[in-house]
Every structure is written in structure tokens, then in C-alpha cells.
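See structure below.
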Amino acid sequence: MSSFKFKGLAHVVLVAGLSLGLSACFRPLYGPTASGQSLQTVLASIDVPELQWPPALANTGHYLRSELVYLLNGSGSDTAKRYKLALRMTESQSSPVVDSETGTASSVIVGGTLTYTLTSLDGKTVVTQGTATSATSFDRFPQRFANIRAARDAEIRLATDLAQQVRTRLSATLATQS
Numbered sequence: 015m016s017s018f019k020f021k022g023l024a025h026v027v028l029v030a031g032l033s034l035g036l037s038a039c040f041r042p043l044y045g046p047t048a049s050g051q052s053l054q055t056v057l058a059s060i061d062v063p064e065l066q067w068p069p070a071l072a073n074t075g076h077y078l079r080s081e082l083v084y085l086l087n088g089s090g091s092d093t094a095k096r097y098k099l100a101l102r103m104t105e106s107q108s109s110p111v112v113d114s115e116t117g118t119a120s121s122v123i124v125g126g127t128l129t130y131t132l133t134s135l136d137g138k139t140v141v142t143q144g145t146a147t148s149a150t151s152f153d154r155f156p157q158r159f160a161n162i163r164a165a166r167d168a169e170i171r172l173a174t175d176l177a178q179q180v181r182t183r184l185s186a187t188l189a190t191q192s
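Residue numbers (this note's numbering): 15 to 192.
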């Protein structure tokens, strides 16, 4: 019985020792960055310029930029810009379920791929780049205006999800920059 207690105690000590040894390897994401500034200040220094989206992407592009501006600088304060965020997006729609009686789609999946590049304000140094993807769906109804609103809501959800992915990735990169 005493050997059982000793083995249990040994496991606890081993796990505690390993966790203490690894605790110095992790940096809190929303703590101060390597340069000493708060992450929120660094994110607020990112400029998200207005873009002329193609007509098919105009709504989603507008919602995407608005959400990114809010997520990066939700305070609305005028912060000096140090970075510029370039965006390029594609959107697709597919109808996996078709009603056999009417021949119309009963649901639609809206997918989006956003490619982003964060550069210095002068555009000479690429800080990070990546691709975010997401998909959302909506049901179609016999009412035309209900379908229009459901499609717009799906575009808003898609833009919000893509913006949150980009903010998280930018946060992880900029937290380690000096």
C-alpha cells in the first residue's frame, strides 16, 4: 500500500516539475508584446484601407473591412499607423440540397477565402501573410425577400468569422515582434 502512495506522489511531482519547466516557454497572447507595448495598441496601429471590391463581393467586403477595423481598433481612438493590411477575397456558393418537386435549392453554403498581407506602412517589409477560410450556410424559402435577407446574414457571418481569424493570427504574430 505504501508503494502505491509513493508511485502516486512520484507522478504528481513529475507532472508538477514538467509543467514548471515548460511554463517559461509560453507568453500570454494579450500581455505586453516583445517591444513592451500593449497588444491592443499594436493592433490599433494597423491601417485597413478602403478597397474597391467587385460587385459580387461588395457586401461581404464592406462587412469584412468594418469588422476588421472594429476588431483591431475597437476604441475608435486615432492611433498612429505603423502597418498596412492588404486583403484579397474570393467567395463561392454551392447548393448541396435541391428540392425534387420544385427544382430549387433548399439550402446554400457560402464559402470564403481571404488572403491577407501585413506590411510596414511604406510597403517594403512583409510582416506576415496568410489565408483564412470559412463557410456558412442558410436555408432558402419560397419568400423572395426572406432569401435575400438570409443570404445577407450568411455574408455577415462569413465576414465576421474571417475577420476574427485574421485578428487572431495577427495578434499571435505581433505579440512576438519587437
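We put the beta carbon where it would ideally sit given N, CA and C, even for glycine.
The structure displayed is predicted, hence computed values, not measured ones.
Asked, Found
"Span separating the alpha-carbon of TYR130 from that of LYS138", "16 Å"
"Secondary structure, beta strand (DSSP E): runs of 3+ residues fully inside the segment 72 to 119", "97 to 112"
"DSSP three-state assignment for ALA146, whether helix, strand or coil", "strand"
"Sequence-distant residues of the same chain with beta carbon closer than 7 Å to GLU81, five excluded per side", "ALA173, THR174, ALA177"
"MET15 - DSSP class collapsed to helix/strand/coil", "Bear in mind that the predicted position of MET15 carries a pLDDT of just 49, short of 50, making it unreliable; the figure below should be weighed with that in mind. Coil, per DSSP."
"GLU115 burial status per 10 Å Cβ neighbour count (16 or more: buried)", "exposed"
"Cβ separation of GLY144 and ARG183, assumed to be a contact under 8 Å, to the nearest whole Å", "6 Å"
"Residue from LEU86, SER108, VAL140, SER134 with nearest C-alpha to GLY125", "SER108"
"Which residues DSSP lists as bridging PHE152, in chain order", "VAL122"
"Close-in-space but distant-in-sequence residues of the same chain around SER151 (CB under 8 Å, 5 per side omitted)", "SER121, VAL122, ILE123, VAL124, ALA168"
"Option in ASP92, TYR77, ASP113 with minimal Cα separation from ILE60", "ASP92"
"Burial state of GLU64, where buried means 16 or more other Cβ atoms lie within 10 Å", "exposed"
"Expected contact under 8 Å - CB spacing of LEU128 and ALA146 to nearest Å", "5 Å"
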